[in-house]
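For reference, the structure is listed below as structure tokens.
Chains as they are written, first to last, in our numbering: chain A, 29 to 540; chain B, 49 to 190.
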């Protein structure tokens, strides 16, 4: 079977590493970023008949080139080789994809629609009724789900890590379900985080990016955007530097669409001359933790959908969501307690280990800044209420694992026993340390920092997706989300981008 | 940023302590790889501030016997049991930065170590299923 990222139209992908002379080209729209937001927006604009250029600072890594091990995946697919971290009271690793397709290449392709309570809140507090509400977004969710064949994880690719989790929740009478994902022919390789080796996961690299190219769009890969050029209060071009060192100017007759992600968008807007007071503020995330448990029966995390089952029963009541996360041995080894003889014995148990995780809907807000040397810097610390949620969730997962028959669990909390075998110990995690430095949080879901709203003093982007300060400069990624969601955000990011691109593209067509 | 020859040899000793051979028959040790050279490659691939952190971690682990055991030795100059004691002490240090830097070294050590030929297969207990081109049921039936 031919993969979507092969046999692309001649000349549709321009590799910045091979650009031999300065480039100066014109399009209707230039889209910055090719992740969940950028790829969908570019495709939608192309579908509406506009001439579109996509530009990404990273290369287009094809499915055939994905490596088997995590280290090579980190080096080729993740930003800063997966060493980015949020700085605050504690360091929180921040995982972002760094390739054409962005984080959709290295995430689990989970499809959650924005919950109603979130859009209701956005309507009430941020005046987004009719802009980003359930009714407006529904047709876009429908279209995405059709395009990408969103389905529940199939029983045959579920694997035992997910299966044990479902069984544990069933026993307790807790709501649970297989994940809905964009991976209709998932083979259960357990390698979502390293780049799907079969192309079954419909990341943007094998869906909307090639689809946009087949509609006539052009991709400039390995071209780092310096800024959107704003002249006379209007964005009219994107200036970038190709990996080869050549200058790339992509003129935008109708607009520049920014979809560089919550972390990169605010600094790109700053480099483009925007000075809104709210720029970089209100950053939010869903910090998560994994708990490992050793069973007396095989779990074999190397087979099965990486993240295949979840419960959202506690999302509203307690502010957390619980899900599975199968870890390859190298990632698990870093999280296992100890070192030396003890660590190697634990690694030997790998076939019998399960990992389940939690993510909290944190209330804390951070700031995205420009750090030393122009790097993107995020300052963010979990608050007291966030820690209450995290500890409660941790105790829940720990007790669930023991109930399901884990002989021991490794909660990974500094100051608590590194190995727990009793329910009392597991329950006590609810009263564990309040200091976030005692926990191994990871942040993957990122929001805010260029919030949408009608008030230019409190927000960056207006209700028409245009920045308050520059006409023709649109932002369509999760940086415009006024709050976090409490559920995995890729689907919502894509739907918002599709809605935005539809409105932007239709308006531009009508004005032409 | 790359490691000096001395730092590479220290890194090799640190990783061999964290992932020793002979501890479990199911898992080969880091002796099978040149941890120093691999860590040097990592340092060249990551941003300078991270490479600096890895470098600091190598120094901390190497010189820790002085502060942990009050012995004027580097990590490599200790016997296996004492080495392990030192690394465990650093991983459970009350100092957050010491703990995190040692964890950073352990994390990259794990990535390097498991990526070595044959190690993953020993740990997982079988070849990657996708490489075999069949699903789990078929694998077990084969």
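Yeah, the Cβ is synthetic: ideal placement off N, Cα and C, and Gly gets one too.
Just so it is clear, the structure is predicted and the values come from calculations on it, not from any experiment.
{"query": "I need the boundaries of the alpha helix (DSSP H) containing residue 151 of chain A, first residue and last residue.", "result": "144–154"}
{"query": "Measuring CB atoms only, is the region 34–50 of chain A touching the region 256–274 of chain A, in the sense that at least three cross pairs come out at less than 8 Å?", "result": "yes"}
{"query": "Throw me the rounded Cβ distance for the residue 42 of chain A and residue 248 of chain A pair, which I believe falls under 8 Å.", "result": "5 Å"}
{"query": "Going by other Cβ atoms of all chains shown within 10 Å of its Cβ, with 16 needed for buried, is residue 451 of chain A buried or exposed?", "result": "exposed"}
{"query": "Can you look up residue 196 of chain A in the DSSP assignment and give me helix, strand or coil?", "result": "helix"}
{"query": "Hey, how far is the Cα of residue 17 of chain A from the Cα of residue 60 of chain A?", "result": "This structure cannot speak to residue 17 of chain A, because chain A is shown only from 29 to 540."}
{"query": "Short check: CB of residue 87 of chain B to CB of residue 59 of chain B, under 8 Å?", "result": "yes"}
{"query": "Could you list which residues in chain A have their beta carbon closer than 9 Å to that of residue 67 of chain B, in chain order?", "result": "361, 367, 368, 371, 372 and 375"}
{"query": "Taking C-beta pairs closer than 8 Å, name the residues in chain B that residue 108 of chain A reaches, listed in chain order.", "result": "94, 95 and 98"}
{"query": "On the DSSP bridge list, what partners appear for residue 265 of chain A?", "result": "A/257 and A/279"}
{"query": "Alpha helix (DSSP H) containing residue 88 of chain B: first to last residue?", "result": "83–93"}
{"query": "Which ranges would you report for the alpha helix (DSSP H) in the region 93–119 of chain A if only whole runs of at least 4 residues count?", "result": "98–105"}
{"query": "Going by the DSSP bridge assignment, what does residue 82 of chain A pair with across the sheet?", "result": "A/59 and A/247"}
{"query": "Starting from the beta carbon of residue 16 of chain A, find every residue of chain B whose beta carbon is closer than 8 Å, and list them in chain order.", "result": "Lying before the first or after the last residue shown, residue 16 of chain A is absent from chain A, which here runs from 29 to 540."}
{"query": "For residue 30 of chain A, count the other beta carbons within 10 Å of its own beta carbon; 16 or more makes it buried, fewer makes it exposed. Which is it?", "result": "exposed"}
{"query": "When you compare the CB of residue 79 of chain B with every CB in chain A, is at least one pair closer than 8 Å?", "result": "no"}
{"query": "Does any CB atom of chain B fall closer than 8 Å to the CB of residue 97 of chain A?", "result": "yes"}
{"query": "Determine the chain A residues that contact residue 160 of chain B at a beta-carbon separation under 9 Å, and present them in chain order.", "result": "99 and 358"}
{"query": "Which residues in the same chain have their Cβ closer than 6 Å to the Cβ of residue 255 of chain A, if we skip the five residues on either side of it in sequence?", "result": "267, 299 and 300"}
{"query": "Tell me which same chain residues have a C-beta within less than 7 Å of the C-beta of residue 120 of chain A, skipping the five on either side of it?", "result": "113, 114, 315, 469, 470 and 471"}
{"query": "Name the chain B residues that come within less than 7 Å of residue 91 of chain A, Cβ to Cβ?", "result": "Those within 7 Å of residue 91 of chain A in chain B number zero; the least Cβ separation is about 11 Å."}
{"query": "Which class does residue 222 of chain A belong to by DSSP, given the choice of helix, strand or coil?", "result": "helix"}
{"query": "Can you check DSSP and say which residues form a bridge with residue 53 of chain A?", "result": "A/278"}
{"query": "Could you pull out every residue in the same chain whose Cβ sits closer than 8 Å to the Cβ of residue 394 of chain A, ignoring the five residues on either side in sequence?", "result": "114, 116, 311, 312, 313, 406, 407, 408 and 409"}
{"query": "Is the CB of residue 378 of chain A under 8 Å away from at least one CB in chain B?", "result": "yes"}
{"query": "Could you compute how far the alpha carbon of residue 169 of chain B sits from the alpha carbon of residue 146 of chain A?", "result": "45 Å"}
{"query": "Indicate whether at least one CB of chain A lies closer than 8 Å to the CB of residue 55 of chain B.", "result": "no"}
{"query": "Residues in its own chain within less than 8 Å of residue 121 of chain B by CB, not counting five upstream and five downstream?", "result": "113 and 114"}
{"query": "Any idea what DSSP makes of residue 187 of chain B, helix, strand or coil?", "result": "With a pLDDT of 38 at residue 187 of chain B, under the threshold of 50, the modelled position of that residue is not reliable, and the figure given next carries that caveat. Reduced to three states, the DSSP call for residue 187 of chain B is helix."}
{"query": "Can you check the region 293–372 of chain A for any beta strand (DSSP E) of at least 3 residues that lies completely inside it and give the ranges in chain order?", "result": "312–322, 337–339 and 348–352"}
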